[in-house]
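One structure below.
Numbering (this note's numbering), first residue to last: 1 to 87.
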């Protein structure tokens, strides 16, 4: 499915592509979002109040993007009856 000359054919990108194929894009994005949240909390615990706010601000756009993408995927799945997306 992935051409051998593609950057997705080797290394960590191949592992990511395999996860997306196995679990669906929305589920993988959900896991990435959860990981980003975990890392954000880890970073917050190491610094003062100003740095905690900064870490939240840095992570917020990614979380919003992932949430919007997951919602679009859910809507598409409902429309075509696939149903294998996030609840």
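For glycine and all other residues, C-beta sits at the position ideal for the given N, C-alpha and C.
* **Same chain only: Cβ atoms within 8 Å of residue 3, ignoring 5 sequence neighbours per side** => 9
* Asked: Does DSSP classify residue 61 as helix, strand or coil?
  -> helix
* Asked: Looking at C-alpha atoms only, which residue of 22, 58, 16 is the closest neighbour of residue 39?
  -> 58
* Asked: Do you know how far the Cα of residue 32 is from the Cα of residue 67?
  -> 11 Å
* Rounded separation between residue 5 and residue 62 - CA only -> 29 Å
* Are the beta-carbon atoms of residue 79 and residue 30 separated by less than 8 Å? -> No, these two residues do not count as a Cβ contact at 8 Å.
* Name the two residues that bound the continuous alpha helix (DSSP H) containing residue 2. => Premise fails: residue 2 is in no alpha helix (DSSP H) and is neither H nor E.
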